[in-house]
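Just so we're on the same page, my numbering is the position in the first sequence counted from 1, plus 691. Just so it is clear, CB atoms sit at the ideal spot from N, CA and C, and this is done for glycine as well.
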Amino acid sequence: MAGMLVKRGALFHAFTCSSLFHSHFLPFSTNSEPKRPFIPSSSTTHPQLQQLLYEKSKVGFNKLDDALEVFDKMLQIKPLLPVIKFSQLLTALVRMKEYSVAVSMFREMRVLSIPVDIVTFNTIIHSCCHLNTLDYAFSLLAGIIKSGWVPDVFTYTTLIKGLLSQDKPLEADHLFRKLIRFREIQPNVVMYSTIIDGLCKTSNTSTALKLLRKMENLGCRPNAITYTSIIDSLCKERRVDNALDLVSVMTHKGISPNVITYNSLLQGLCSSGRWEDTERLLTEMGVRNIPSDLHTYNILVDAYCKEGRTKDAQDVIDIMIEKSVPPDVITYNTLMDGFCLRGKTSRALEILNTMRNNGIAPDCYSFNILINGYCKRQEVDKAINLLRQMPVEGIKADVQTYSTIIHGLFQMGRHNDVHNLFHEMLKKGNKPDIVTCRILLDGLFKNRYIDEAISLFRMMECKDTVHDIQIHTIVIDGLCKNGKLYEARNIFDKLASRGLQPNVITHNIMIRGLCQEGLFEEAKILLSEMETSGCLPDDVTYNTIIRGSLLNKRYEEAVVLIENMRAHNFSADASTTSMVVDLLPKEEQKEQEEQDPAVLAFAKWFLQ
DNA sequence: CTAGGGTTAG
692 MAGMLVKRGA
702 LFHAFTCSSL
712 FHSHFLPFST
722 NSEPKRPFIP
732 SSSTTHPQLQ
742 QLLYEKSKVG
752 FNKLDDALEV
762 FDKMLQIKPL
772 LPVIKFSQLL
782 TALVRMKEYS
792 VAVSMFREMR
802 VLSIPVDIVT
812 FNTIIHSCCH
822 LNTLDYAFSL
832 LAGIIKSGWV
842 PDVFTYTTLI
852 KGLLSQDKPL
862 EADHLFRKLI
872 RFREIQPNVV
882 MYSTIIDGLC
892 KTSNTSTALK
902 LLRKMENLGC
912 RPNAITYTSI
922 IDSLCKERRV
932 DNALDLVSVM
942 THKGISPNVI
952 TYNSLLQGLC
962 SSGRWEDTER
972 LLTEMGVRNI
982 PSDLHTYNIL
992 VDAYCKEGRT
1002 KDAQDVIDIM
1012 IEKSVPPDVI
1022 TYNTLMDGFC
1032 LRGKTSRALE
1042 ILNTMRNNGI
1052 APDCYSFNIL
1062 INGYCKRQEV
1072 DKAINLLRQM
1082 PVEGIKADVQ
1092 TYSTIIHGLF
1102 QMGRHNDVHN
1112 LFHEMLKKGN
1122 KPDIVTCRIL
1132 LDGLFKNRYI
1142 DEAISLFRMM
1152 ECKDTVHDIQ
1162 IHTIVIDGLC
1172 KNGKLYEARN
1182 IFDKLASRGL
1192 QPNVITHNIM
1202 IRGLCQEGLF
1212 EEAKILLSEM
1222 ETSGCLPDDV
1232 TYNTIIRGSL
1242 LNKRYEEAVV
1252 LIENMRAHNF
1262 SADASTTSMV
1272 VDLLPKEEQK
1282 EQEEQDPAVL
1292 AFAKWFLQ
């Protein structure tokens, strides 16, 4: 650590003022900043330069080099320009998403003892949040106080948002509560909206609604953004009617929904197949004079594609061009996926060229969509060809690219190729994520590499990163299907202690496993346990337990279970029905063997 | 001069 600091200091001295900022990687230190003596400018005042700077900062900086040049010149001017000029420059960099440059400049200003104000600090904290250097962002809180400023609602909102985008909702909530408890600041609508959005995105919509009421009671009026966060969340939870109700509420309070609100609603309506309501809403937008934007059209393209209506999707794209809302890479990607969804990979490939002709460069999504399309058609080699084409076009394959192809390879039983590709993926620096883990485990089990699957799972357990019910469900399923019920049950019983809640699929798999091993009583116990734990059985659950009862020749219980299933408005599936049909005597054995009359009675009862 | 909401792939 000490060595690093020495090295960093040396680096810092070696660079000239502006070349320093060309280095986008500059590690931050929270406790010590390298010192460099202030070098007074050789010239005195530059009225012309000041004028130029003034104009540039008004127009905005077009290029990074401009900003760097201006910064260098600003440092030369004496007397020192007001803080606001420096803040404006930093803001310009933030707008250009040159966060690391902004932070480096700020550090240079600190070294040169150029005064900064709270706005400067806030801008830099914002930059740090985008650079994922939250520790440094928080350390600036101390810097604010040391400089005689007071962190304000901007500071804390930025930090809260930073915590949220770093997947630390609990810490964000904790900070928010602490601020209120110690009356550190008076939260405003932006801060409340940030927390509300954080709650929504961590599936705490009901808590978000409570906070909405609370802020109103505390005299802070929510705006369209506050409502839209919750409306979007309700739509994603498929509670579109609740979302529509909330739109009525906000409208009633004089807060108008905007295009983003409508887009959330459209998305919700489309994904629940409510086409009439979608059209009604689009009309409403027209009446209210809210023009559709790129997102709106993309949602419609997606909706048509998901319905298999690629022709209509293409019509939407024509309208977009007509209305001067040109389709973007997402529009074309969505359309390509629409074709791939129906196996039309060659049409998708045509779209890839269409987009190129329209000046839109394909991205990683484009390739992943096509690769997935080929894998679904079992044309994995074509998918691999695309993988090889990606670097040629300057696109880096990501974890999803590799995972998709690995999935495709497993489906074709090409276990060796999986190994090669997996190692290539690691070598290229792509870290397997949770979906990769699912694909690997599922593929290994389905290809009967049971020991390999189990040892992979053990490895994942050691790394303690698989707090995922789906992973455990895949393993339980794999173990059950390969005669390792005991081990499966063992994992199932440990779920709760690992903080995992078995879902209906996990239960169905376990129930089926128990039934197949003749442990029908245990299966029944598990069924009642799942009901008491608040996990509702679905049609698969009922069919599984019914087939289990038949497998274990418990015909009276089968009758009770079937009646129970029908009472819950579920019915026997094909597999259950054929199992009952199999109970009937076959044509050729009709005379020779006497059928158990109870079985016959049951089958006839069922089939009537 | 600084903070908050909506779209695509495994």
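A straight-line Cα-Cα distance of about 21 Å links D923 and K859.
C-alpha of F829 to C-alpha of I1165: approximately 41 Å in a straight line.
Pairing L960 with V931 gives a Cβ-Cβ distance under 8 Å. If you draw a 10 Å sphere on the C-beta of V938, you find 16 or more other C-beta atoms in it, and that means buried.
In this chain, the alpha helix (DSSP H) harbouring E1247 covers Y1246 to A1258. Put simply, the segment 939–955 touches the segment 972–985. At least three CB pairs are less than 8 Å apart. In this structure the segment 1115–1135 touches the segment 1086–1094; the number of beta carbon pairs closer than 8 Å is three or more.
Note on A1265: under 16 other CB atoms within 10 angstroms of its CB, so exposed under the neighbour-count rule.
Annotation: the continuous alpha helix (DSSP H) that includes L831 extends over L825 to K837. Its chain contains I1160, H1163, T1164, I1167, F1183 and L1186 as the residues whose beta carbon lies nearer than 8 Å to that of T1197, once the 5 sequence neighbours on both sides are disregarded; these appear in chain order. By the C-beta density criterion, S1262 is exposed, having fewer than 16 other C-beta atoms within 10 angstroms.
The beta carbon of A994 lies closer than 6 Å to those of C961 in the same chain, with the five residues before and after it left out. Distance from L1117 to L1132 at the Cβ level is roughly 17 Å; contact not present, criterion being Cβ atoms closer than 8 Å.
Secondary structure at K1175: coil, using DSSP grouped into helix, strand and coil.
Going by C-alpha positions, V1157 is about 14 Å away from I1145. A direct Cα-to-Cα measurement between L957 and G1204 gives close to 42 Å. Membership of E875 in any alpha helix (DSSP H) is not indicated, and neither H nor E is assigned to it by DSSP. Y918 and M941 have their alpha carbons spaced roughly 7 Å apart. The residues F812, I815, I816 and C819, in chain order, have a CB closer than 8 Å to that of L831 in the same chain once the five nearest residues on each side in sequence are set aside.
When DSSP states are grouped into helix, strand and coil, Q1005 belongs to the helix group. In the structure shown, the three-state DSSP call for F867 is helix. In this structure, the alpha-carbon of D1019 lies about 12 Å from that of I990. Scanning the segment 1130–1174 for uninterrupted alpha helix (DSSP H) segments of 4 residues or longer gives 1141–1154 and 1160–1172, listed from N- to C-terminal end.
For the pair Q1102 and Q1080, the CB atoms are not nearer than the 8 Å cut-off. Each of S884, E928 and A758 was checked against the Cα of E907, and the nearest Cα belongs to S884. Counting of Cβ neighbours within 10 angstroms places E789 among the buried residues, the total reaching 16 or more. Secondary structure within the segment 935–968: the alpha helix (DSSP H) runs of 4 or more consecutive residues, fully enclosed, are 950–962 (chain order). The beta carbon of V1016 sits closer than 8 Å to those of S983, D984, L985 and Y988, all from its chain and outside the five residues before and after it, given in chain order. Excluding sequence positions up to five before and after D1155, its CB lies less than 8 Å from no other CB in the same chain.
Where R929 is concerned, there is no enclosing alpha helix (DSSP H), because DSSP gives it neither an H nor an E. Here P770 is exposed, its C-beta having fewer than 16 other C-beta atoms within 10 Å. N823 is not a Cβ neighbour of Q877, given a cutoff of 8 Å. Inter-residue distance for R1105 and A758 is about 53 Å (C-alpha atoms, whole angstroms). Sorting G1099, T898 and I835 by C-alpha distance to the C-alpha of C1066 places G1099 at the top. G999 counts as exposed, since fewer than 16 other beta carbons sit within 10 angstroms of its beta carbon.
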